[in-house]
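Engineer: Here you go, one structure.
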Amino acid sequence: MTEQNTGDKHNLIEIRNLCFQRGERWIFNGVDIDIPRGKITAIMGPSGTGKTTLLRFIGGQLYPDNGSILLDGNNIPQLNRNDLFAVRRKIGMLFQSGALFTDLTVFENIAFPLRVHTRLSETMIRDVVLMKLHAVGLRGARDLMPSELSGGMARRAALARAIVLDPQLIMYDEPFTGQDPISKGMLVELIRLLNNTLGLTSIIVSHDVHETASIADYIYVIADGKIIGRGTPEEIMNTDEPRVRQFICGLADGPVPFHYPAPNYRQDLHLEPVQESMQERV
Amino acid sequence: MASLATVSINGDTLALAGVLDFESVLDVDMQGQQWLQDSAPSQCNVDLSKVTYSSSAGVALLLGWLRAAQIKQKTLHIQQLPANMAALAKVGGLDDLLV
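As given, the protein sequences belong to chains E and H, one line each in that order. All residue numbers in the first sequence are consecutive under my numbering, ending with 1256. All residue numbers in the second sequence are consecutive under my numbering, ending with 107.
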């Protein structure tokens, strides 16, 4: 590996001074995050605050402008191609879209990583795929095509594929978005089962407050490039920090304003003469 | 590269040791299948007390051996299933078969 830093054994991932800018806008500006082993850590925050971008840094698909991302002591942005691929085999990812291969059956979707990354016999592949499909309740749906699955079933099939190589870390990108209440409940139970039984380290990126708070051990809330809140679900739910409260309680207005910055309304309607300082919020 | 998993046979017991990852199971599978086919008695055991880690492929390995024993009308008893394998078996709904 290019760089080894044993760091804190308690944490699987340690992110330090993460900085990333797009144009003039800071997506992350000096962010520190710890992901403890065997726990469920949630990264929450309003849409567009860089939550998915953070997962892409951990997976080595994007490089930050500054800062380190240590996974098991390996600094992801500095790994060479081979080492990065080796690290990625330890990571399972559940994408927001599910991202199943549309022209493969459910069975073949789950078998795909095994065919690519291992030399297992067909019999062993079948056994492992059936075990994972059974875990997500879809053993009977193995011959269906992705187009024949409901949204919740597709998400569960994608989860089976994400765990088929026994990852150490699993990253869930908005797992509950667009799911009905039953499906949300099933996903919550599955995430909990995988975490409790297999001891997987889990990161959930989400803005679904209720579901996420019900399973997370620790929550980070990010906004405006910074960590604006951190703590156990109970601490986050009871915080006095106004921006975190606005997010958790789903208030339309607050520190994050309802109105995008705009000129003075009366001036905009030409009812008052336009003055120099136009960027006044309504 | 030396395999991470090893097999040793003593009478009616096959002892597995080491790490059963997606690669090492390939090395030990054939030895187990051969033993079950030829010299294993009708009541035989697989001892897992020296397995330090198992992937899901390790569980698939055991399933394959259970099938091989069944074909030969032998009974394979699984002994000392490690906690990590028991957890994988539980998630995969195989508690009653392996645990």
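The beta carbon of each residue, even a glycine, is placed where N, CA and C say it ideally should be.
Determine the extent of the beta strand (DSSP E) in which E:Gly1004 is found, giving its start and end residues.
Structural biologist: Arg999 to Pro1010
Engineer: Report the residue from E:Ile1222, E:Ile1202, E:Ser1157 and E:Gly1004 whose alpha carbon sits nearest the alpha carbon of E:Glu1208.
Structural biologist: E:Ile1222
Engineer: Going by CA-CA distance only, name the one from E:Ile1007, E:Glu998 and E:Leu1172 that's closest to E:Glu988.
Structural biologist: E:Ile1007
Engineer: What does the alpha-carbon distance come out to for the pair E:Leu992 and E:Leu1028?
Structural biologist: 9 Å
Engineer: Taking only beta-carbon positions, decide if H:Lys58 is within less than 8 Å of chain E.
Structural biologist: no
Engineer: Could you give the residue range of the alpha helix (DSSP H) that holds E:Tyr1239?
Structural biologist: Segment Tyr1239 to Asp1242, the alpha helix (DSSP H) holding E:Tyr1239.
Engineer: In chain order, what residues of the same chain have a beta carbon less than 6 Å from the beta carbon of H:His85, not counting five sequence neighbours either side?
Structural biologist: Asn53
Engineer: So, do the stretch 1082–1098 of chain E and the stretch 25–45 of chain H have three or more beta carbon pairs nearer to each other than 8 Å?
Structural biologist: These segments touch.
Engineer: Let me know the beta strand (DSSP E) ranges lying completely inside the stretch 1139–1175 of chain E, each 3 residues or longer, listed in chain order.
Structural biologist: 1143–1147
Engineer: What did DSSP end up calling E:Thr980 once you bin it into helix, strand or coil?
Structural biologist: With a pLDDT of 47 at E:Thr980, under the threshold of 50, the modelled position of that residue is not reliable, and no figure is offered here.
Engineer: My guess is that E:Val1138 and E:Val1090 are in contact by the Cβ rule of under 8 Å, so how many angstroms apart are they, rounded?
Structural biologist: In fact, because the Cβ distance is near 11 Å, the residues do not count as touching under 8 Å.
Engineer: Between H:Ser16, H:Ala23, H:Ser50 and H:Ala25, which lies nearest to H:Lys80 when the distance is taken from Cα to Cα?
Structural biologist: H:Ser50
Engineer: State the start and end residues of the unbroken alpha helix (DSSP H) segment that holds E:Phe994.
Structural biologist: Where E:Phe994 is concerned, there is no enclosing alpha helix (DSSP H), although the beta strand (DSSP E) around it starts and stops at Asn985 to Arg996.
Engineer: So is E:Thr980 buried or exposed if we call it buried at 16+ other beta carbons inside 10 Å?
Structural biologist: Any reading at E:Thr980 is ruled out, since the residue's pLDDT is 47, under 50, leaving its predicted position unreliable.
Engineer: Cutting at 6 Å between CB atoms, please list the residues of its own chain near E:Glu1246, excluding the five before and the five after it.
Structural biologist: Arg1240
Engineer: For a cutoff of 8 Å on Cβ pairs, would you count E:Met975 as touching chain H?
Structural biologist: Only weak support exists for where E:Met975 lies, its pLDDT of 39 falling under 50; the coordinates are left without a value.
Engineer: Taking H:Ser64 as the query, report the chain E residues whose CB atoms sit under 7 Å from its CB, ordered along the chain.
Structural biologist: Val1102, Met1105 and Asp1140
Engineer: Any C-beta of chain H within less than 8 Å: which residues of the stretch 1160–1194 of chain E qualify?
Structural biologist: Leu1167, Leu1168, Thr1171, Leu1172 and Gly1173
Engineer: Can you tell me the Cα-Cα spacing of E:His1206 and E:Lys983, whole angstroms?
Structural biologist: It should be pointed out that residue 1206 of chain E corresponds to Thr in this sequence rather than to His. The C-alpha of E:Thr1206 lies about 20 Å from the C-alpha of E:Lys983.
Engineer: Can you pull the chain H residues whose beta carbon is under 8 Å from the beta carbon of E:His929, in chain order?
Structural biologist: What the structure shows of chain E is the stretch from 975 to 1256, and residue 929 of chain E is not part of that stretch, so it cannot be assessed.
Engineer: With a threshold of 8 Å between beta carbons, is H:Lys80 in contact with chain E?
Structural biologist: no
Engineer: Could you please tell me which residues of the stretch 1079–1102 of chain E, in chain order, have their CB closer than 9 Å to any CB of chain H?
Structural biologist: Leu1088, His1091, Thr1092, Arg1093, Leu1094, Ser1095, Thr1097, Met1098, Ile1099, Arg1100, Asp1101 and Val1102
Engineer: Could one say the Cβ of E:Ala1136 lies closer than 8 Å to chain H's Cβ atoms, at least one of them?
Structural biologist: Residue contact with chain H for E:Ala1136: absent (no Cβ-Cβ distance below 8 Å to any residue of chain H).
Engineer: Is the stretch 1121–1134 of chain E touching the stretch 1041–1059 of chain E in the sense that three or more CB pairs, one from each, lie closer than 8 Å?
Structural biologist: no
Engineer: Cutting at 7 Å between CB atoms, please list the residues of its own chain near H:Leu12, excluding the five before and the five after it.
Structural biologist: Gly26, Val27, Asp29 and Ser32
Engineer: Could you check whether E:Val1179 and E:Asp1147 sit closer than 8 Å to each other, using their CB atoms as the reference points?
Structural biologist: yes
Engineer: Which of the residues in the stretch 1109–1133 of chain E, read from start to end, lie with their CB under 7 Å from any CB of chain H?
Structural biologist: Within the stretch 1109–1133 of chain E, the qualifying residues are Ala1109.
Engineer: Tell me whether H:Met93 sits in a helix, a strand or coil according to DSSP, three-state version.
Structural biologist: helix
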